[in-house]
Structures are given as structure tokens and as C-alpha cells.
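Chains as they are written, first to last, in the working numbering: chain S, 1094 to 1395; chain Y, 287 to 564. Every residue gets a Cβ at the ideal spot worked out from N, C-alpha and C, and that includes glycine. Model, not experiment: these values are computed from the prediction.
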Amino acid sequence: MIELKNVVKLFGRRAAVDDLTLTVPRGAIYGLLGHNGAGKSTAIGMMLGQVWPTRGEVRVGGHEVTSRRRLALQKVGAIFETPVFYDYLTGWRNLEILSQFTGPTPPARLREVIELVGLTGREQSRVRTYSHGMRTRLALAQALLPNPELLILDEPGDGLDPEGIHELRQTILRLNREMGLTILLSSHLLNEVEQLCTRIAMLNRGRKVFEGPLAGIRAGQHWLRLRTGDFAAAVTQLRSAGLITNDREGRLIEPAPDTGADQVVRHLVAQGMPVFEIAPEEQTLESFYLTQMKDSREPKTP
Amino acid sequence: MLFLQLRNELRKLFGKPRTYIGFGVLLLAQVIIVLLFRYTPASRGMVRQLSSAGIDASQYITCLTVATVMLFPIAFVLLPLYVTLIGGDLVAKEAEDGTLRMILSRPITRFRLLLVKWLAGVLFSTLLVLMLGLVGVSFARCFFPWGGLFAFTPGELFSVRNAADGCWHYFGAHVFLAVKAGTILTLAFMFSCFNVKPAAATILALSAIFVSAVLMQIPFFRDLQPWFFTYYLDVWQSVLMQPVPWWKVWGSLSMLTGFNLTFLIIGATAFHLRDIKS
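See the structure below:
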């Protein structure tokens, strides 16, 4: 649905996006993660034809965005971090104005979408009287008006209360499951991404440091939490026996390929070392994210 | 679609309370000028000028004459101020508020968006000028009789016309004043297309107008006047002259068309090359 190939965006000498290649498959809920200034919003801006790439190719729905913007965005809806509207106009008028940049929209469709996002009864109030949550719903309504196949959400949960975040999450899931929408979600809220996304990409200083299915991150976990009398001595023993390849944080070990926890325990006990606990370490998206960010910052040794 | 989009732009423009500040202040200025004319000896100077030319002044101290007198200060100072305020806001305010990002996530070309916004701005400025003319003469009629038109500016303009002829020329002056307003709006619109704050776009446009006007007034630069942009903005005054120098009117219109096109091309190019970010 979205394809970025070797995309570079320079602001002066600074690369906001550096050689970014990623593919958002149709029907996926795709998470775009990264710290502030990692290049997420710039990448989204390029997908929407708002930011011109310095180099590379950006395709949405099979159409090159820079040269065929109208075709590329025909079936796209977008929401940005702080939903802004014409505050002095009603919600209805705002939807009418924004939707007619795509094409004529019948009032019945407006009513349908207003009902879908739960704004029925407030559509004739001026937007300045709306709460943050209502503005987010209105933003979602304007994004859904053109019957999109792709929804781009740039930090949509920012400023929402827990109820609002829960509601937004349920709506996103419903849109994906019931209407088959492909969703690109850029967020700081790792917990949200973990609960929603099927695939993720992580950006650090404009570069992609990871891309893959979220299930793969969970399945790929292979660290064991080890509690013993002397962790350092245990690690030395296990390394010399070739049973582990790595350790970290003074409590985690990475078993060698084809090595099970039972072998590790047997070896330590045979060496006279007590083992109080050994269990697979639950790898959360947060721990994976932090590891990836740390690794990508460390200088690469030849 | 263009009609729907234009209607929406006008809804946005006329939905904003600040749009009416210009209308309000211009009306207030007209009220003050009419009342000063009516209740102070201000009209005596006009009577003297007409009498010294052997003209019966009582035929020309009329609502048309007073409405024309009001036109000069408003056209020189207030109109550029309010039109640049609106023109400077058209793109830059949306960029500043973030609504431009929302619009540009839709399948509309940047050129089409600018065209719609510019048309809305030009319609606004035309309406402002026509309302100015209509309200001016209507309010003056409450205090002065209907009759001939006397227009005067020292060293440049002295004309007397009967009521029917005067009425047409009064209307014609407003048509060309709308062209002046549209050109000033286009100048502010051009600055608004750059990556600047709305206030900066307005100030840049006003500065360009005032600097050009000030340079034009320096006696040593008299021969250079046709090189200044503001020289052609006074085309509306030519319509009040007797006889009307049509060659100058059409020449000025051609130049203003060229200026408008230039401003639009520069603005559209700058806007097209820009990255729209939050």
C-alpha cells in the first residue's frame, strides 16, 4: 500500500530521513516508532506529498506521490498529532469544507461518518466548544469521509485521556477488521503500538534500525533470567562451557543455539552453584525498542 | 468542484470575526467624514474653489461629491491596510494554524488550492470596495442632496459633472478601485505563500506599498514615477478626470495585470517548492 525506496530528505545539511526503505502491506496495522526528531513526521509528510523527498521514490496505492499526488491520495485519510480545525465554524461545516477537497460529499455520507465516530448531536456546535477527545473524533471523521483504503495516523493519541486512548484503539481495530483499512500509525506510545500493530519499523536519526512483524519480536525472544549466588561467576562458567553467547544487566543470559535452560541448570549445579530461578525473559516492545536504539547509537566496529 | 471549493473558502473567510473589522472601520470612517462635512465649516473651502471657477457651488455640494471626497483617504490608507490583512492571512494563517496540513492530505493540487484562495480573496476585496461606494453615497444622501459630482485634488484633478454623468463616473472609479484592491491583495497573497507568519506577510506587503508610494512622492524622482508599482494603483482617480485619459487607464490596467500575474507566479512557485510541516 505504501512503498518508500531509498528515500532521503535533507533540511540544509541535516538528513531528516536517510536512505529509508519500507513497505506497508495492504491490510496491515503498521507502526512507525522513533524518538522526537527521528524522521517519522517527515516520512509521513512525504507519503502525503507535503514534504518533497530529496532523493528516492515514494509510492502510495501504486502511484508515485510526487508526480501523481491526486491519484495517490484519492483513497487516503490522515490525522495529525494535534487535530486543528476552523474553530469558528461548526463540526458539520468543517467536514463539508475538508471533504470537498476530495470530491462532492452527499450529506447522507456526512451523517453516516458523524454517527460512526459518535458525534451525532454535536455536529452543529462550533468546534471551539469541543473537547480534545471530540476534536480527535472529528479528525477521524474527516479522515474517513473519502471512504479511504489507507489511514495515516500521526501521533493520534497525543493529549487523550486513558478512556479516549482506549476508545481510539478500539476504533482503529474495528476499522482494520471490519472495513479492511490499511493503517499506518506513528506513535510514541509503545504500549499502544504493541496492542495494535502487526508490523513495525523503528527510526533513529532518520535511519531505519528495524523493520519486521511484531510477532517476530516476541517469538525471537531467547534471553533467560538467571538468579544464582554469583551471577558473574556463573556467566564465566557457562561461557567457558560454550552454553551461552551473551549476558546483560547482571541477570540475563543468552543461551547458545540449541541450548536449553535445563542444560544451563545442570551445568551450574554440577559446578556447585545454586540456581534460585531460571525463566524466559518476557521481551516487551519497550525493551526491544530500547535495545535497538542503544545498538544503533553505538559506533560500529569493523 | 471549483465552485464548491470557492464557496467553502468564502465561508471560511466570512466566518471569521476579524474579516469584519475592515468593514466596520471603513464604515466608521465614512460616518465620521460625512458628519464632519455636515456639521463643521469644512465644505466652505469647496464652495470657494467652485465659486472662483464661476460654478454655482450649491449644485455640487451633494452626496456624490461628499462620497467622492471620502474615497481618497480611505483608498490611500485604510483600504490597503485591510486588504493586506486579509491577503496576508489567506495561506500563512492556515499554515500557522495547521489546517493547511489537513487540506494538503487531500488529493488537491497546490496550484488549485492557491487558485481557489486567491479567487476568494479577490471576491472579498471587490465586495469591500463596492460596499464602500454604496454605503458611502447612501449615508451621505441622508445629510446632503442628490446632484452633480465635483472631484478635486490639488494640481491633479478638477472636474464637475451633472448627476447622471457623475453617478457613472463614481461607479467607474469604484470598479477600478476594486482592481487596486485586488492587486494589493495579490501582493499580500504572494508573501503569504512564503514560509512566513501571517503578520509578516501583511507587513511585507504594506512596506512594499508604502516604500513605493514614498519614493514616488520625492520631487527628484518625478520622472521615474512609471517605474513604481503604486503609480498604476491610482488608475481609479483617472476615471474621475475630465475628460477621462483612457489611454492612461488602459495602460495602467495592462501594467496591473502584469504585476498581478508576476505576484501570482512568484507566490505559486514559492508555495510549490515549500515543504509543509507542523
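Query: CA-to-CA distance, S/LEU1244 to S/PRO1199, given in whole angstroms; Result: 21 angstroms
Query: Proximity winner among S/GLN1167, S/ARG1107 and S/ALA1349, relative to S/ARG1334 (alpha-carbon distances); Result: This sequence places Ala at residue 1334 of chain S; Arg is not what is there. Nearest option by C-alpha distance: S/ALA1349.
Query: Sequence-distant residues of its chain with Cβ nearer than 7 angstroms to S/GLN1364 (five each side left out); Result: GLN1330
Query: Three-way DSSP call (helix, strand, coil) for S/LYS1168 in this model; Result: coil
Query: Within chain Y, partners of S/ILE1190 - CB distance below 9 angstroms; Result: GLN291, ASN294, GLU295, ARG297, LYS298 and ILE389
Query: Same chain, Cβ closer than 7 angstroms to S/HIS1156, five either side skipped, listed in chain order; Result: LEU1164 and ALA1165
Query: For S/LEU1246, three-class secondary structure by DSSP; Result: strand
Query: Terminal residues of the alpha helix (DSSP H) in which Y/MET476 lies; Result: 449 to 478
Query: Cross-strand partners of Y/SER445 (DSSP beta bridge); Result: Y/ALA437
Query: Residues that S/ILE1156 bridges to, as DSSP identifies them; Result: The amino acid occupying residue 1156 of chain S in the given sequence is His; Ile does not appear at that position. Answer by DSSP bridge pairing, in chain order: S/VAL1153.
Query: Proximity test, Cβ basis, 9 angstroms: S/VAL1100 and chain Y; Result: no
Query: Contact with chain Y by S/ARG1270, beta-carbon distance below 9 angstroms; Result: no
Query: For S/GLY1130 and Y/ALA464, the rounded distance between their alpha carbons; Result: 47 angstroms
Query: Members of the segment 1130 to 1142 of chain S near chain Y, C-beta cut-off 8 angstroms; Result: SER1134, THR1135, GLY1138, LEU1141 and GLY1142
Query: Alpha helix (DSSP H) segment containing Y/LEU490, residue limits; Result: 484 to 503
Query: DSSP beta-bridge partners of S/TYR1123; Result: S/LEU1277 and S/ARG1292
Query: Beta carbon proximity, S/GLY1196 to chain Y, threshold 9 angstroms; Result: yes
Query: CB of Y/ALA486 within 9 angstroms of CB of Y/ILE470, strictly; Result: no
Query: Same chain only: Cβ atoms within 8 angstroms of Y/ILE372, ignoring 5 sequence neighbours per side; Result: LEU299, THR305, GLY308, GLY407, PHE410, SER411, LEU471 and ALA474
Query: Segments of 4+ residues assigned as alpha helix (DSSP H) that fall wholly inside the segment 302 to 363 of chain Y; Result: 305 to 325, 330 to 338 and 349 to 359
Query: Cβ neighbours of S/PRO1395 in the same chain (closer than 8 angstroms, five flanking residues each side left out); Result: Low confidence applies to S/PRO1395: its pLDDT is 47, below 50, so where it sits in the model is not reliable enough to give any reading.
Query: Those residues which DSSP pairs with S/THR1116 across a bridge; Result: S/GLU1096
Query: Residues that DSSP places opposite Y/LYS563 in a beta bridge; Result: Y/LYS563 is not bridged to any residue.
Query: Partner residues on chain Y for S/ARG1163, Cβ-Cβ distance less than 8 angstroms; Result: PRO393, ILE394 and THR395
Query: Assigned exposure category for Y/ILE318 - 16 Cβ within 10 Å defines buried; Result: exposed
Query: Identity of the residues DSSP links to S/PRO1373 by a beta bridge; Result: S/LEU1317
Query: Neighbour-count burial assignment, S/THR1352, 16 or more Cβ in a 10 Å radius; Result: buried
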